[in-house]
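Q: These protein sequences, in sequence, are chains A and B.
Heads up: the first sequence runs through residues 1 to 487, numbered per UniProt numbering.
Heads up: the second sequence runs through residues 1 to 487, numbered per UniProt numbering.
Just so you know, even glycine gets a beta-carbon here, dropped at the ideal spot from N, CA and C.
Since the structure is predicted, the reported quantities are computational estimates derived from the model, not experimental observations.
This is the structure I have questions about; it appears just below.
Number of protein chains: 2
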Amino acid sequence: MAENGVLHPERVLTLDTMNPNVKRVEYAVRGPIVQRAVQIEKELKEGVKKPFTEVLRANIGDCHAMGQRPITFLRQVLALCTYPELLEDNKFPEDAKSRARRFLAACGGGSIGSYSMSQGIELVRQDVARYIERRDGIPSNPDNIYLSSGASDAITTMLKLLISGEGATRTGVMISKPQYPLYSAALADLGAVQINYYLDESKNWSMDASELRRSLAEAKKHCTPRAICVINPGNPTGQVQSRQCIEDVIRFAAEENLFLMADEVYQDNIYAEGCEFNSFKKVLFEMGPKYSNKVELASFHSTSKCYMGECGFRGGYMELINLDPDVKVQLTKLVSVRLCPPVTGQALLDLVVNPPQPDEPSYPTYKKERAAVLAALADKAKMTEEIFNKVPGMSCNTVQGAMYAFPRIELPQKAIEAAKEKGQAPDMFYCMTLLEEKGICLVPGSGFGQREGTFHFRMTILPPTETLKVVLEKVEEFHRKFTEQYS
Amino acid sequence: MAENGVLHPERVLTLDTMNPNVKRVEYAVRGPIVQRAVQIEKELKEGVKKPFTEVLRANIGDCHAMGQRPITFLRQVLALCTYPELLEDNKFPEDAKSRARRFLAACGGGSIGSYSMSQGIELVRQDVARYIERRDGIPSNPDNIYLSSGASDAITTMLKLLISGEGATRTGVMISKPQYPLYSAALADLGAVQINYYLDESKNWSMDASELRRSLAEAKKHCTPRAICVINPGNPTGQVQSRQCIEDVIRFAAEENLFLMADEVYQDNIYAEGCEFNSFKKVLFEMGPKYSNKVELASFHSTSKCYMGECGFRGGYMELINLDPDVKVQLTKLVSVRLCPPVTGQALLDLVVNPPQPDEPSYPTYKKERAAVLAALADKAKMTEEIFNKVPGMSCNTVQGAMYAFPRIELPQKAIEAAKEKGQAPDMFYCMTLLEEKGICLVPGSGFGQREGTFHFRMTILPPTETLKVVLEKVEEFHRKFTEQYS
Chain A
1 MAENGVLHPE RVLTLDTMNP NVKRVEYAVR GPIVQRAVQI EKELKEGVKK
51 PFTEVLRANI GDCHAMGQRP ITFLRQVLAL CTYPELLEDN KFPEDAKSRA
101 RRFLAACGGG SIGSYSMSQG IELVRQDVAR YIERRDGIPS NPDNIYLSSG
151 ASDAITTMLK LLISGEGATR TGVMISKPQY PLYSAALADL GAVQINYYLD
201 ESKNWSMDAS ELRRSLAEAK KHCTPRAICV INPGNPTGQV QSRQCIEDVI
251 RFAAEENLFL MADEVYQDNI YAEGCEFNSF KKVLFEMGPK YSNKVELASF
301 HSTSKCYMGE CGFRGGYMEL INLDPDVKVQ LTKLVSVRLC PPVTGQALLD
351 LVVNPPQPDE PSYPTYKKER AAVLAALADK AKMTEEIFNK VPGMSCNTVQ
401 GAMYAFPRIE LPQKAIEAAK EKGQAPDMFY CMTLLEEKGI CLVPGSGFGQ
451 REGTFHFRMT ILPPTETLKV VLEKVEEFHR KFTEQYS
Chain B
1 MAENGVLHPE RVLTLDTMNP NVKRVEYAVR GPIVQRAVQI EKELKEGVKK
51 PFTEVLRANI GDCHAMGQRP ITFLRQVLAL CTYPELLEDN KFPEDAKSRA
101 RRFLAACGGG SIGSYSMSQG IELVRQDVAR YIERRDGIPS NPDNIYLSSG
151 ASDAITTMLK LLISGEGATR TGVMISKPQY PLYSAALADL GAVQINYYLD
201 ESKNWSMDAS ELRRSLAEAK KHCTPRAICV INPGNPTGQV QSRQCIEDVI
251 RFAAEENLFL MADEVYQDNI YAEGCEFNSF KKVLFEMGPK YSNKVELASF
301 HSTSKCYMGE CGFRGGYMEL INLDPDVKVQ LTKLVSVRLC PPVTGQALLD
351 LVVNPPQPDE PSYPTYKKER AAVLAALADK AKMTEEIFNK VPGMSCNTVQ
401 GAMYAFPRIE LPQKAIEAAK EKGQAPDMFY CMTLLEEKGI CLVPGSGFGQ
451 REGTFHFRMT ILPPTETLKV VLEKVEEFHR KFTEQYS
């Protein structure tokens, strides 16, 4: 093989010799369309003329990149932890200082630069447990909390523990379609069997017990299903599952002996009237000991979403219910190999689960900032749905929660054929054309999975309101033109 | 199975059903001895009487936990990045402010809370490339740099790419004995074949080409060796490989078609006279195009060691030489699933590879602080070796670099038998007894691997000089008493 005139006759690591599971991994949220967006940005910088002057990235839930401002209190305490000399500075409020002192006292040598326990700092896990208790009204044990480097880290770790067997005994894991592609990617990497169950688009992407049973029955023919993953509020679909749906899933998991994994990173992102967040843990315990003594549950949370949107800090946790104590020992051993989650992320998480209280000086600002972020998201969720539903050939379920709209788009037969000629999925072709013509970066529905013959895209609702409005109008304009062109 | 009176008749995830590879993982640095140390600390807090008042943890290279102070400049810039309102504060030096502004300008939305590119922020990768060029005098391409969450993350990722095949075609990876147990743990997790080559204790833990050939020849009988890992400066053994040794390894890798992984996280930790750090990359390129056009090399660095010791931030990078471009695409895809390394760690890394320059206001303090840390470590390395070598039945190679002494200990036959009765490795028994009697937490040599019939322990040289002296004296006292007791 010759590259740049250099011969590599005997390379060790090639496409042919590399880990075949890694080759099977796909991750659309940062896939080809995003790589093309990066290229276009470079071209724009180099002066290449385009029908637009900047690329708008609505492909990923990256809050601060879209202009959301950090919550003052969180950043103040983090700065104090990072450079404790600031504890002498009277510009910082006392409650921020006392939080910083409290956190640093729990760090080795009083420094945020020390390793923590691999499971996470005990103080933070205690604060997480109290947060969960306040949220659910159900006791929580800090020993069952594992801090992580974002939710992705914890989800991958739990999936890894679950995978075993070969052939018909190989572990199968049920994931929704559409899904957040971390799940399919992790399962491919682990060589596990992916079992798809479909969300019901006609019922605002709710889960359906009969569809779960259909999916499971089919999977049992060729693998050993051992877990079910649920994302609520939904990514990419933005729904909030009803309490009834959650009960159905828990009953299903109990009957079918499935380990339940609940991805609840958008738990504060609830917008639609009549919707509320019910944690799987809360519902599980309220269903009584028949379920709460039986169902094994891992639930995941993150510092990257909700009102704070601190993606870069890579903070998160999981709570484990009914985990076999021997397996817990194995889990603790496994996470110790990576030493510890980022301590800055642990500090941030501590503040998220233990924010300023009404009698503390930072409370008014904290409350105002938090409410402003969530209110703006609720407005944008509504606006997005309304505009998309006015476009002929586009229909969008209510964005009840999370940070995404996942509208269904009708594509003309000629567009489908044009895509086929390019070797692209029709919605990838659609999104690529949109990117080239309007500079808007969305993720095609095929990257998340969707019912055969249907097409969608995922768009974040994160851009500032005025920008979002322009984006929505551009998408509308593009959709009309695209439909016309290929009709 | 009944726990706390609750029946779990049909648990999904048990020792029997879990991932068998994970069960095989071992990680001594945070293993049973550290868990016992944590217990003892709790007992002390509860008022249980012990022959000591605190546990001294010399088991892990956790610099700040052992009292090392953070470098002021690093923390100032990180605080500015975290809470940019401080950019208006005249207490911060201008060079710290300009670094913070420069870094924030490279973050999405100007916030350290945004995701970065999965490969790492381009600006940081450029700075890393320039650092490598200054270090080696060899060009470095930012496209070949991948930022990571500590070195462990990058090492695990590269190993994952390399593993394929089944039975005799299953990938084997050569690692040193003694080794840092991340390697054995990652290989167990990946189900790869671990191939041991022994370092030569009689030549200050140097590598030996004939031992490499012996080890490889044996391994070829049952697996397909495809990579060799080298830790230099050495962990747990504290040696600095000579240029000759490095050339031998490169020649060996070239001849035998092995992917070369160089763990160089202690590159600034060089203490012994006549020793210098030679990066594998530098030596590879200085050996000429026959090697530099052929050998595939991944080298790893971290923000956790050297003079800064910022373990909690989880910063690091790897540089890839001669990686197949198609594999690089796969690598980029793989790391994108985890979104990005912690951005605070990336910021820290940027400062480490691009520290204050002589004409900048922070330079004198930075230089003084850095020199003080490294000088103290050099003194402690010498003191440790000297004291250990005075103890009858103990011999310690020169601690040329890194942060550890790995003395060999002679254990009486009766002690070996007593250990056997307890089902413990003899050096585990020794270290456990030391922990119970003196409150000193070390890691037994068996956790790193050692020649059959030899016994060692690893001790960090990180405690403050006065504390370290006390620790060394206590170990000496213990060793005499232990030897006497079992003779």
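Is it the case that the Cβ atoms of B/ARG451 and B/TYR198 are separated by a distance below 8 Å?
A: With respect to the 8 Å criterion, B/ARG451 and B/TYR198 are classified as neighbours on the basis of their beta carbons.
Q: Only counting the same chain, and skipping five residues up and downstream in sequence, which positions put a Cβ closer than 6 Å to that of B/ALA106?
A: Closer than 6 Å at Cβ, skipping near neighbours: ILE121 and LEU123.
Q: Note down, in chain order, each residue of its chain lying with its Cβ closer than 7 Å to the Cβ of A/ALA2, except the 5 sequence neighbours on either side.
A: A caution first: A/ALA2 carries a pLDDT of 42, below 50, which makes its placement in the model too unreliable to give a value.
Q: Helix, strand or coil: which one does DSSP assign to B/PHE92?
A: coil
Q: Would you report the Cα separation of B/PRO70 and A/GLY238, rounded to the nearest angstrom?
A: 44 Å
Q: Going by DSSP in three states, A/ALA402 sits in which element: helix, strand or coil?
A: A/ALA402 carries a coil assignment under DSSP once its states are collapsed to helix, strand and coil.
Q: Using the DSSP secondary-structure output, state which residues sit across from B/TYR197 in a beta bridge.
A: B/SER176
Q: Given this structure, state the Cα-to-Cα distance separating B/LEU339 from B/MET207, to the nearest angstrom.
A: 38 Å
Q: Suppose the cutoff is 6 Å on Cβ atoms and the five residues either side in sequence are ignored; what does the same chain contact list for B/ILE409 look like?
A: MET394 and PHE455
Q: Is it right to say B/VAL48 is buried, meaning 16 or more other beta carbons lie within 10 angstroms of its own, or is it exposed?
A: Per the 10 Å Cβ criterion, exposed.
Q: Classify B/ARG214: buried if its beta carbon has 16 or more other beta carbons within 10 angstroms, exposed otherwise.
A: exposed
Q: Leaving out the 5 sequence neighbours to the left and right, which residues in its chain are closer than 8 Å to B/LYS382 when beta-carbon positions are compared?
A: TYR271 and VAL399
Q: Roughly how many whole angstroms lie between the Cα atoms of residue 490 of chain B and B/LEU462?
A: Any property of residue 490 of chain B remains undetermined from this structure, which presents chain B solely from 1 to 487.
Q: Enumerate, from N- to C-terminal direction, the unbroken beta strand (DSSP E) stretches of 3 or more residues contained entirely within the region 103-158 of chain B.
A: Counting only runs of 3 or more, we get 145-148.
Q: Quick one: what does DSSP say A/THR237 is sitting in, helix, strand or coil?
A: The three-state reading of DSSP puts A/THR237 in coil, since its state is none of H, G, I, E or B.
Q: Taking DSSP's pairing of strands, which residues face A/ASP263 in a bridge?
A: A/ILE231 and A/PHE300
Q: Identify, in the order they occur along the chain, each residue of the same chain with its Cβ nearer than 7 Å to the Cβ of B/THR169, setting aside the five sequence neighbours on each side.
A: These residues qualify, in order along the chain: THR224.
Q: Please list the segments of the beta strand (DSSP E) lying wholly inside the region 448-482 of chain B, counting only runs of 3 or more residues, in order along the chain.
A: 455-460
Q: So, is A/GLN485 buried or exposed, given that buried needs 16 or more other C-beta atoms within 10 angstroms?
A: exposed
Q: Taking 8 Å as the threshold, find out whether the region 443-450 of chain A comes into contact with the region 411-430 of chain A through three or more Cβ pairs.
A: yes
Q: Mapping the DSSP letters down to three states, classify B/ILE60 as helix, strand or coil.
A: coil
Q: Flag A/MET394 as yes if its beta-carbon sits less than 8 Å from any beta-carbon of chain B, otherwise no.
A: no
Q: If B/ASN257 sits next to B/MET403, beta carbons under 8 Å apart, how far is it from one beta carbon to the other, in whole angstroms?
A: Not really, about 34 Å apart at Cβ, beyond 8 Å.
Q: Quick one: what does DSSP say B/SER206 is sitting in, helix, strand or coil?
A: B/SER206 falls in the strand class under three-state DSSP.
Q: For a contact meaning CB atoms closer than 7 Å, what does B/ARG11 contact in chain A?
A: GLU296 and ASP324
Q: With 8 Å set as the bound, which would you pick, yes or no: does the beta-carbon of A/CYS223 sit closer than that to a beta-carbon of chain B?
A: When Cβ-Cβ separations below 8 Å define contact, A/CYS223 makes no contact with chain B.
Q: Determine, using beta carbons only, whether A/TYR266 comes closer than 8 Å to chain B.
A: no
Q: Are A/SER184 and A/ILE175 touching if we call contact CB-CB under 8 Å?
A: yes
Q: Work out the CA separation of A/LEU320 and B/LEU13 for me, nearest whole Å.
A: 12 Å
Q: So if I threshold CB-CB distances at 8 Å, which residues from the region 149-171 of chain A count as touching chain B?
A: When C-beta distances to chain B are compared with 8 Å, the residues of the region 149-171 of chain A below that value are SER149, GLY150, SER152, ASP153, THR156, LYS160, LEU161, LEU162, ILE163 and SER164, in chain order.
Q: Listing by chain order, which chain B residues have their CB less than 9 Å from the CB of A/ASP350?
A: Going along chain B, no residue has its Cβ under 9 Å from A/ASP350, so there is no contact; the nearest lies around 14 Å.
Q: Do you know how far the Cα of B/SER149 is from the Cα of B/LYS97?
A: 25 Å
Q: Given a threshold of 16 other Cβ atoms within 10 Å of its Cβ, counted over all protein chains shown, does A/LEU161 qualify as buried or as exposed?
A: buried
Q: Cβ of A/VAL327 less than 8 Å from any chain B Cβ?
A: yes
Q: Kindly examine the ligand FAD and report whether one of its heavy atoms sits closer than 7 Å to the Cβ of B/SER302.
A: The ligand FAD is not part of the structure shown, which contains no ligands of any sort.
Q: Between B/ILE145, B/GLN68, B/GLY113 and B/SER118, which has its C-alpha nearest A/SER111's C-alpha?
A: Its Cα nearest to that of A/SER111, the residue B/GLN68 stands out among B/ILE145, B/GLN68, B/GLY113 and B/SER118.
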